[in-house]
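Contents: one structure, followed by commentary.
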Amino acid sequence: MHLAYPAVLSALLFCTGLYGVLARRNAILVLMSVELMLNAVNLNLVAFDVWLSKTAEETLHSGQALTLFTIAIAAAEIGIGLAIVLAVHRNRGTADIDRLRDTAERHDSDGPDHDALTAEQSDEAQKAEATA
Amino acid sequence: MTLAAAATTAAQATTTAAHATTSAAESHGFLSPTGVEIAFLLVGLVTFAAAIVTVTTRQLVHAALWLVVTLGGLAVEYLLLTAEFIAWVQVLIYVGSVVVLLLFGLMLTRAPIGRSPDADSGNRWAALTVALAAAAALVWVVVDAFRTTWIDLDGPAAGSTEATGASLFQNWVLPFEALSVLLLAALVGAIVLSRKAKADAATAPESAPAEGTPAGRSEKEGTR
Numbered sequence: 001m002h003l004a005y006p007a008v009l010s011a012l013l014f015c016t017g018l019y020g021v022l023a024r025r026n027a028i029l030v031l032m033s034v035e036l037m038l039n040a041v042n043l044n045l046v047a048f049d050v051w052l053s054k055t056a057e058e059t060l061h062s063g064q065a066l067t068l069f070t071i072a073i074a075a076a077e078i079g080i081g082l083a084i085v086l087a088v089h090r091n092r093g094t095a096d097i098d099r100l101r102d103t104a105e106r107h108d109s110d111g112p113d114h115d116a117l118t119a120e121q122s123d124e125a126q127k128a129e130a131t132a
Numbered sequence: 001m002t003l004a005a006a007a008t009t010a011a012q013a014t015t016t017a018a019h020a021t022t023s024a025a026e027s028h029g030f031l032s033p034t035g036v037e038i039a040f041l042l043v044g045l046v047t048f049a050a051a052i053v054t055v056t057t058r059q060l061v062h063a064a065l066w067l068v069v070t071l072g073g074l075a076v077e078y079l080l081l082t083a084e085f086i087a088w089v090q091v092l093i094y095v096g097s098v099v100v101l102l103l104f105g106l107m108l109t110r111a112p113i114g115r116s117p118d119a120d121s122g123n124r125w126a127a128l129t130v131a132l133a134a135a136a137a138l139v140w141v142v143v144d145a146f147r148t149t150w151i152d153l154d155g156p157a158a159g160s161t162e163a164t165g166a167s168l169f170q171n172w173v174l175p176f177e178a179l180s181v182l183l184l185a186a187l188v189g190a191i192v193l194s195r196k197a198k199a200d201a202a203t204a205p206e207s208a209p210a211e212g213t214p215a216g217r218s219e220k221e222g223t224r
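Taken in order, these protein sequences are the chains called L and B.
Residue numbers for the first sequence follow our numbering, so the first one is 1 and each next one is one higher.
Residue numbers for the second sequence follow our numbering, so the first one is 1 and each next one is one higher.
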């Protein structure tokens with residue numbers, strides 16, 4: 001098999017996931033796109049490992065071992081990510097990442113004092129929400 | 001006699017040379033459509049189309065279901081690349097648990113069932129530009145770099161369970177054990193993140209695996 005087939009497919013899948021990460025609004029859909037990108041990397045690793053295991057004399061099967069590690073880390077990542085998204089949804093009532101702008105810089109403020117004040121306020125609000 | 005023997009030898013040499021030429025042309029013709037390549041191309045088209053639908057559909061639950069098609073197609077691609085163990089691990093972990101977790105997350109965040117008009121954010125054209133530029137650059141570089149490289153799929157499978165297991169437990173034991181520690185840390189972290197701060201520390205699902213913690217939280221929410 002020509003090596004370009006799996007390489008091109010994984011590049012296209014990676015760019016699809018990139019579009020999803022940048023364009024989606026729901027946090028869980030962003031996590032799905034991250035999964036797409038991880039799978040593209042896995043396909044690349046497996047294809048190059050199969051190629052190397054036939055051409056090289058001695059191989060460690062590093063591509064497939066790293067693929068297994070990537071799959072396990074992706075499972076852990078999706079568990080932690082969903083726990084964070086659910087905690088955010090419980091505190092704010094939304095999983096919309098366009099509305100989670102508490103740490104963004106305020107452009108409509110009129111001075112550094114006001115900035116510091118709002119930052120302190122949002123910090124306190126976050127602490128209160130974290131302990132609630 | 002000797003003439004006939006010489007003729008036979010010459011004929012044999014010619015056939016061997018011709019056979020060598022055809023086999024070289026078969027195995028090394030540019031974009032030679034062997035059966036495996038055609039199957040890989042078809043499954044790859046289905047996988048890529050399902051991935052496109054996953055990132056563009058406006059129905060959130062359908063996105064998760066198309067993700068199943070994408071991940072299953074990738075498992076078939078692993079099988080075509082003779083990486084059998086990775087393929088079944090992909091089916092078990094991704095299709096079996098990650099998509100189910102994502103569906104749990106969609107349900108718990110009260111995702112709308114029908115079409116949601118605000119699934120895409122306002123910067124989708126910028127995202128499309130970035131993705132198309134990255135795709136063009138990556139595909140060009142990859143095709144240019146591996147123009148004359150072929151994977152030899154004949155012979156014993158490169159990713160059978162025996163080969164993968166032997167390599168994993170001979171050369172990769174230390175990362176494997178470190179990975180188990182990482183999974184334990186993820187389990188504890190998911191429990192800490194998803195439980196209430198003060199309430200019911202005793203009823204927190206201590207023994208649930210990391211993937212099962214949001215499900216455990218859903219039970220708690222259900223009883224609340």
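From the three backbone atoms N, C-alpha and C, an ideal C-beta is built for every residue, glycine too.
Problem - DSSP state of W172 (chain B) mapped onto helix, strand, coil - result: Under the three-state reduction of DSSP output, W172 (chain B) falls in the coil class, being neither helix nor strand.
Practice task
Determine, using beta carbons only, whether W150 (chain B) and H2 (chain L) come nearer to each other than 7 Å.
Solution key: yes
Practice task
Please check if any C-beta of chain B sits within less than 7 Å of the C-beta of G79 (chain L).
Solution key: So yes, G79 (chain L) belongs to the interface.
Exercise for the section: Please decide whether L45 (chain L) counts as near chain B, where near means a Cβ-Cβ distance under 7 Å. Expected result: no
Problem - Collapsed DSSP secondary structure at D49 (chain L) in the structure displayed - result: helix
Exercise for the section: Identify whether S23 (chain B) lies in helix, strand or coil by the three-state DSSP scheme. Expected result: Bear in mind that the predicted position of S23 (chain B) carries a pLDDT of just 44, short of 50, making it too unreliable to give a figure here.
Exercise for the section: Report the partner residues of R163 (chain L) according to the DSSP bridge assignment. Expected result: An answer regarding residue 163 (chain L) cannot be provided, because it is not within the stretch 1 to 132 covered by chain L.
Exercise for the section: Flag G105 (chain B) as yes if its beta-carbon sits less than 7 Å from any beta-carbon of chain L, otherwise no. Expected result: yes
Exercise for the section: Name the residue from B:L108, B:V76, B:L128 and B:G155 whose alpha carbon lies nearest to the alpha carbon of C15 (chain L). Expected result: B:L128
Problem - Where F98 (chain L) sits in the DSSP three-state scheme - result: It should be noted that the sequence gives Asp, not Phe, for residue 98 (chain L). Three-state DSSP puts D98 (chain L) in coil, outside helix and strand.
Problem - Collapsed DSSP secondary structure at A61 (chain L) in the structure displayed - result: According to the sequence provided, residue 61 (chain L) is His. The question's Ala does not apply to it. Under the three-state reduction of DSSP, H61 (chain L) is assigned to coil, being neither helix nor strand.
Handout entry: Residue-level contact to chain B via CB, L82 (chain L), 7 Å cutoff
Key = yes
Exercise for the section: Alpha carbon to alpha carbon, how far is N171 (chain B) from G105 (chain B)? Give it in angstroms, no decimals. Expected result: 37 Å
Handout entry: Reference F85 (chain B); option with closest CA among L:T67, L:D98 and L:A83
Key = Of the listed residues, the one whose Cα sits closest to F85 (chain B) is L:T67.
Practice task
Assuming S97 (chain B) contacts R58 (chain B) (C-beta within less than 8 Å), just tell me the rounded distance between them.
Solution key: Actually they do not touch by this definition, with Cβ atoms about 26 Å apart.
Practice task
Could you tell me which chain B residues have their CB closer than 7 Å to the CB of N91 (chain L), listed as they occur along the chain?
Solution key: Under the 7 Å cutoff, chain B gives no residues; its nearest Cβ is about 11 Å from N91 (chain L).
Problem - Cutoff 7 Å: M32 (chain L) Cβ touching any chain B Cβ - result: Interface residue (Cβ-Cβ distance to chain B less than 7 Å): M32 (chain L) is classified as such.
Handout entry: Beta-carbon proximity list for T70 (chain B), same chain, < 8 Å, skipping 5 on both sides
Key = T47, A50, A51 and T54
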